[in-house]
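Undergrad: In the numbering used here, the protein residues as written are 497 to 637.
#1: Given a cut-off of 7 Å on the beta-carbon distance, is the pair residue 582 and residue 613 in contact?
#2: Tell me the start and end of each unbroken alpha helix (DSSP H) in the region 552 to 606 that is at least 4 residues and wholly inside, in chain order.
#3: Let me know the secondary structure DSSP gives residue 628 once reduced to three states.
#4: Please classify residue 592 as buried or exposed, where buried requires at least 16 neighbouring CB atoms within 10 angstroms.
#5: Could you tell me whether the region 557 to 571 touches the region 595 to 611, where touching means 3 or more Cβ pairs closer than 8 Å?
#6: Buried or exposed: which applies to residue 538, given that a residue is buried once 16 or more other Cβ atoms fall within 10 Å of its Cβ?
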């Protein structure tokens with residue numbers, strides 16, 4: 497053990513995908529995890545995609561809360577895609593396409609869960625709640 501490699505650590509790989517310092521070597525080409533330029537592009541896009549909805553809300557540009565909310569949600573979806581591409585490096589080539597497959601599976605589960613939850617809450621509200629003050633008077637114990 498030399499003082500250059502540190503106590504108990506060896507700089508050479510030990511056969512299971514990363515060296516003694518935890519650096520992965522899974523066959524990615526050099527620069528596959530992004531360059532300074534790609535990180536800056538993602539950062540600038542994220543700032544823009546945050547600033548525009550902030551401006552829409554603070555200036556009340558559209559004058560309609562529903563339209564503003566829909567546009568903000570659209571910007572949020574675009575920002576999620578920007579983060580996945582520029583910061584998480586997800587594409588159809590990474591990890592042999594398994595990251596995209598895992599994303600599709602996760603999105604499917606989220607859509608099923610949200611749709612089912614909203615459906616159950618809507619029907620519980622419709623079928624369990626009295627609809628008028630007159631109904632409240634008749635259901636009093």
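We treat Cβ as the ideally placed atom computed from N, Cα and C, and that holds for glycine.
Quantities reported herein were computed from a predicted structural model and do not represent experimental measurements.
TA: On the basis of the supplied data:
#1: Locating residue 582 in the chain shown gives position 86, where the first residue counts as 1. Locating residue 613 in the chain shown gives position 117, where the first residue counts as 1. No, the Cβ-Cβ distance between residue 582 and residue 613 is not below 7 Å.
#2: You should have 561 to 582.
#3: What you label residue 628 is simply residue 132 of the chain shown in a count that begins at 1. Three-state DSSP puts residue 628 in coil, outside helix and strand.
#4: In the chain shown, counting from the first residue as 1, residue 592 sits at position 96. It counts as exposed.
#5: In short, these stretches do not touch, since the Cβ pair count stays below three.
#6: As a working note, residue 538 is residue 42 in the chain shown. Buried, because 16 or more other Cβ atoms sit within 10 Å of the Cβ of residue 538.
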